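In our numbering, the protein residues as written are 14 to 84.
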Amino acid sequence: MNSFLVTYDYGSAGLWAIINAPDKASIAKRFPKVEVLEDKPNNMTAVEYGKLITYDLGGPLPQWLAELEVK
Numbered sequence: 014m015n016s017f018l019v020t021y022d023y024g025s026a027g028l029w030a031i032i033n034a035p036d037k038a039s040i041a042k043r044f045p046k047v048e049v050l051e052d053k054p055n056n057m058t059a060v061e062y063g064k065l066i067t068y069d070l071g072g073p074l075p076q077w078l079a080e081l082e083v084k
């Protein structure tokens, strides 16, 4: 499994998480409205990155992400 940073920009702000998945395509297919990044953006500090919660693609997901899932 690889770890990917994901974000959902809803206009005035964004939601962030880290998802463990086989590849970026697996995440993009399930969550087409979510941007999948391989590295943290330059404006995100290590402290901010360290506070993100990590989820497994096949496990329980936060509500905001589950609501974006293509079923």
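The beta carbon of each residue, even a glycine, is placed where N, CA and C say it ideally should be. Note that this is a predicted model, so its numbers are computed, not measured.
Nearest CA to the CA of residue i: which residue from the options?
i: M14; options: N56, Y68, K46, D22; result: Y68
i: D36; options: V19, G27, G24; result: V19
i: L74; options: R43, P54, L50, T58; result: R43
i: A79; options: V47, A59, S16; result: V47
i: V49; options: D22, I40, M57; result: I40
For residue i, name the three-state secondary structure that DSSP assigns.
i: L65; result: coil
i: L117; result: This structure does not reach residue 117, given that the chain is present from 14 up to 84, and the question cannot be answered.
i: A30; result: strand
i: V49; result: strand
i: S39; result: helix
i: V83; result: coil
Please report the Cβ distance between residue i and residue j, rounded to the nearest whole angstrom; I am assuming they are in contact, meaning their Cβ atoms lie under 8 Å.
i: A34; j: L70; result: 4 Å
i: I66; j: A30; result: 6 Å
i: P45; j: V83; result: 6 Å
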